[in-house]
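Novice: Residue numbers (the numbering used here), protein chains in the order written: chain A, 1 to 533; chain B, 1001 to 1383. C-beta atoms are modelled at their ideal positions from N, C-alpha and C, and glycine is treated no differently.
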């Protein structure tokens, strides 16, 4: 029952799609007749023939008329076959059959009879070509063409659009056409058309309304002013949404950079100033991966997620074993020693790779942007980073809450001696935890490589911010890190238009400094026994 | 209670002079300064024993760093506060001095404006911002050298110590402080010359800054400032306040419960240290001839801590040794193989903290202790 129903609907769908195409396609003999008429008639008559071709609804019509406008529509003298010249260099020109589109290879220039055109016809053609896409079968093409018309409409075009509106059955295309027409009508002083443009985010529509608002007709001016006001409100909402998006995007970068630190500093209590350099290592892993797999930036990027984690985790474990374990219980010394490590790592990258920034390619599926409406478009790479940050956060949360390792980590942090006497290998837990935190830093680096420059100073620019996020959120609290990162990012972006990027950053820093005075243990302080450590 | 003992016990500043280590330190310092002065003045240029004006200025710069290191050691070594933002106080003192030197240029700048410094003319500023007024007077500028860092330390310290922000948190927010100031001073709109800072100085107190005599004078002044700073710090350490601050370092909660106002002790010592750092910065600027926002960079502040760590924390003279050694090494390294300097510095951070927790001074003390126990058993060693 259900299968047959879905089959029926599928069939219906096919019919719906195919029907207009069948209608639109004229037969080859009709088309040849039209082209013949175009070739043989006088300039005055050609105008009518052009209109006829354009109105035929044939999908190939655009190709013919474009070729004709460029002087590339020709007839082979002997056979009378119509061709489109693809390349007109040299003695022999490459041509394709105008009807079938088949390539006919090279034909001597002398055998070709070009169909003549003059400037008056060219102008006429320009107007027709601008609406010819409105008559094709594909509704997407029609919609795009209708959108392109906004602000370009003149008197003859307005008439054409009026005619097209009678037959257009796609509601989106209708709306776009109506709007395009309304812009023209408002420019001509039509009050009724103002209502159509009300709430439109299109720049050309605003230009038209602005013009109307200056007009002498008080009714028109008032209506236009009201419409403009509504548009302003709508724009404000959109720009607020955009700010929020940028804020979340910056925030998710901060969360990514800080979340590893939230493990090593927050949970283990180890101050790792080389955290930023672990992020840098992750970013360089992405770059290295792309060098290994040239031409496949997407695959390289996906492979660098585990690779970046591994590289940074191993580096982190090496740091833990060689330096940090000797400084247990001396947090300030740990801070200094790991800072030394960070200097060494930075200089290592400068010496071994290059002091200059490296370019990491953004794969195609990550570039571009998502258009929400005409005033709001979201860049894809940042969208991916936001998603990635959330996934990493969720993963870490799972590990800390639901796995044996997470349990052991929490036990060792709360009471090392007790945990050890319960049979937990504290050293092993230290290594694994530090590796995990460092690995996450590597993941942050992979993500950052897509939105900032990859250079030796990459880590340095994030280390202070990361510590701020962790301290602001509350040490030892992963949720705190998430909330702190996202809110700091948003605050920063909200302040930026008023204060400028640098001042916004300063304000945020000062805010955190003051906040810590008020609540030394951050937004979400730890409670109970863990707080005593 | 603490404050009253401070005000009435007058001889606290004289107490260090009875101490062997201070006598030795001052002896060596003045001896070295006198020797350099003599070698510079007596021997003509080109002579093997001649110390060039360049070297004199370089040594003066090292002494400024040494004073800064002493200031850091006072708060880190004796108060337990690891400040990663002392560079900010250093730079503020430097900027106060720089502003004075800027105003001394007068109409000898590139644009020849009698009042506005060159960078303001360049930015099309019409009049002097309010905070630049008064810096044409030496006494005002020199007061600001102490007041500007002191005030910042007072406000920052008041907020931080009152809320009992200590340990790593304090370190990180001091770092954030200097980072925020660096970003702020990089802005042209702040009115401190932005990226380029203040430079092109002509003279100080009427003396030409480019003449050898002025340079020598500044070097000697720096030596004296270091001596005074050292004696002040040593005096504080030996006073009752110093004992309390060491108690705060080792057991903050216990000290509080005994009845001491820990936050006030911390605040006082912190402000004194900031002022010393400011003086160091003020002496540094005329000798190097420029002050720009890079002095605020967190890296510089943390480097200072490593000088102290290398020399030996909580000894004061160790801080001086560390500052001189590291900076001499830096001069040599950056000249011979510039790439290797960060490796060396980073390695130093790691090695000192892991292998040499008490620094060079710790090594010296261990030897001294061994000798002492050989000679007179049980004699107390002042730490």
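In chain A, what lies closer than 7 Å to residue 1362 of chain B by C-beta?
Specialist: Listed along chain A is no residue with a C-beta nearer than 7 Å to that of residue 1362 of chain B; the closest approach is about 13 Å.
Novice: Residue ranges of each alpha helix (DSSP H) run of no fewer than 4 residues wholly in the stretch 1194-1272 of chain B, ordered along the chain?
Specialist: 1212-1238, 1240-1250, 1252-1258
Novice: Are residue 450 of chain A and residue 397 of chain A close, meaning C-beta to C-beta below 8 Å?
Specialist: no
Novice: Decide if the stretch 485-503 of chain A is in contact with the stretch 237-254 of chain A; the criterion is three or more beta carbon pairs, one per stretch, under 8 Å apart.
Specialist: Inter-segment contact for the stretch 485-503 of chain A and the stretch 237-254 of chain A is present: three or more beta-carbon pairs are separated by less than 8 Å.
Novice: Check the Cβ of residue 1160 of chain B against every Cβ in chain A and list those closer than 7 Å, keeping chain order.
Specialist: 517
Novice: If we count the other Cβ atoms within 10 Å of its Cβ and call it buried at 16 or more, is residue 1079 of chain B buried or exposed?
Specialist: buried
Novice: With DSSP collapsed to three states, give me the class of residue 83 of chain A.
Specialist: strand
Novice: Determine the closest residue to residue 289 of chain A out of A:304, A:282, A:386, A:402, with distance taken between C-alpha atoms.
Specialist: Checking every option, the nearest Cα to that of residue 289 of chain A belongs to A:304.
Novice: Would residue 353 of chain A pass as an interface residue toward chain B - the criterion being a Cβ-Cβ separation below 8 Å?
Specialist: no
Novice: Going by alpha carbons, who is nearest to residue 93 of chain A out of A:83, A:344, A:412?
Specialist: In terms of Cα proximity to residue 93 of chain A, the closest of A:83, A:344, A:412 is A:83.
Novice: Curious, which full-length beta strand (DSSP E) runs of at least 3 residues does the stretch 334-385 of chain A contain?
Specialist: 369-373, 376-379
Novice: Given 8 Å as the limit, is there contact between the stretch 213-228 of chain A and the stretch 160-179 of chain A, that is, 3 or more CB pairs closer than that?
Specialist: As far as the Cβ criterion goes, the stretch 213-228 of chain A does not touch the stretch 160-179 of chain A, which means the pair count is below three.
Novice: Which of the three DSSP states is assigned to residue 285 of chain A in this structure?
Specialist: helix
Novice: What separation, rounded to the nearest whole angstrom, lies between the Cα atoms of residue 386 of chain A and residue 446 of chain A?
Specialist: 13 Å
Novice: Spatial neighbours of residue 371 of chain A within its chain, please: C-beta separation below 7 Å, excluding the five flanking residues on both sides.
Specialist: 377
Novice: At a Cβ cut of 8 Å, what residues of the stretch 1167-1186 of chain B count as close to chain A, listed as they run along the chain?
Specialist: Listed by position along the chain: 1167, 1168, 1169, 1171, 1172, 1173, 1175, 1176, 1177, 1179, 1180, 1183, 1184, 1186.
Novice: Should the stretch 475-485 of chain A be regarded as contacting the stretch 1142-1150 of chain B, the criterion being three or more beta carbon pairs within less than 8 Å?
Specialist: Because the criterion of three Cβ pairs below 8 Å is not met, the stretch 475-485 of chain A and the stretch 1142-1150 of chain B do not touch.
Novice: Which residues of chain B have a Cβ atom closer than 7 Å to the Cβ of residue 327 of chain A, listed in chain order?
Specialist: 1353, 1354
Novice: Taking the beta carbon of residue 352 of chain A as the centre, do at least 16 other beta carbons fall within 10 Å, making it buried, or is it exposed?
Specialist: exposed
Novice: Identify the contact partners of residue 505 of chain A in chain B, using a Cβ-Cβ distance below 7 Å as the criterion.
Specialist: 1183
Novice: Here's the rule: buried if 16 or more other CB atoms are within 10 angstroms of the residue's CB, otherwise exposed. What is residue 1257 of chain B?
Specialist: exposed
Novice: Candidates B:1066, B:1050, B:1056: which alpha carbon is nearest residue 1025 of chain B's?
Specialist: B:1066
Novice: Please report the residue range of the alpha helix (DSSP H) in which residue 1056 of chain B lies.
Specialist: 1053-1079
Novice: Nearest to residue 53 of chain A by CA position, among A:204, A:101, A:124, A:157, is which residue?
Specialist: Taking only the C-alpha atoms, the option nearest residue 53 of chain A is A:124.
Novice: Look up residue 95 of chain A in the DSSP assignment and give the residues it is bridged to.
Specialist: A:85, A:105
Novice: Answer with yes or no whether the minimum CB distance from residue 1136 of chain B to chain A is below 8 Å.
Specialist: No - not a single Cβ of chain A is within 8 Å of the one on residue 1136 of chain B.
Novice: Given this structure, state the Cα-to-Cα distance separating residue 192 of chain A from residue 34 of chain A, to the nearest angstrom.
Specialist: About 41 Å.
Novice: Quick check on DSSP: helix, strand or coil for residue 1110 of chain B?
Specialist: coil
Novice: Using 8 Å as the cut-off, can you tell me whether the stretch 1054-1069 of chain B makes contact with the stretch 1219-1228 of chain B, which would need three or more C-beta pairs spanning the two stretches below that distance?
Specialist: Below 8 Å, enough C-beta pairs join the stretch 1054-1069 of chain B and the stretch 1219-1228 of chain B to call them touching: three or more.
Novice: Determine, using beta carbons only, whether residue 1103 of chain B and residue 1135 of chain B come nearer to each other than 8 Å.
Specialist: yes
Novice: Kindly list the residues whose CB is nearer than 7 Å to the CB of residue 156 of chain A, restricted to its own chain and excluding five residues on each side of it in sequence; keep chain order.
Specialist: 127
Novice: Does residue 421 of chain A pass the burial test, meaning 16 or more other C-beta atoms within 10 Å, or should it be called exposed?
Specialist: exposed
Novice: Does the stretch 58-75 of chain A come close enough to the stretch 102-121 of chain A to have 3 or more Cβ pairs within less than 8 Å?
Specialist: yes
Novice: Along chain A, which residues have their Cβ under 9 Å away from the Cβ of residue 1163 of chain B?
Specialist: 516, 517, 518, 519, 520
Novice: Could you check how far apart the C-beta atoms of residue 312 of chain A and residue 278 of chain A are, in whole angstroms? I think they sit under 8 Å.
Specialist: Right, their Cβ atoms sit about 4 Å apart.
Novice: Mind listing the chain A neighbours of residue 1309 of chain B? Cutoff is C-beta to C-beta under 7 Å, in chain order.
Specialist: 336
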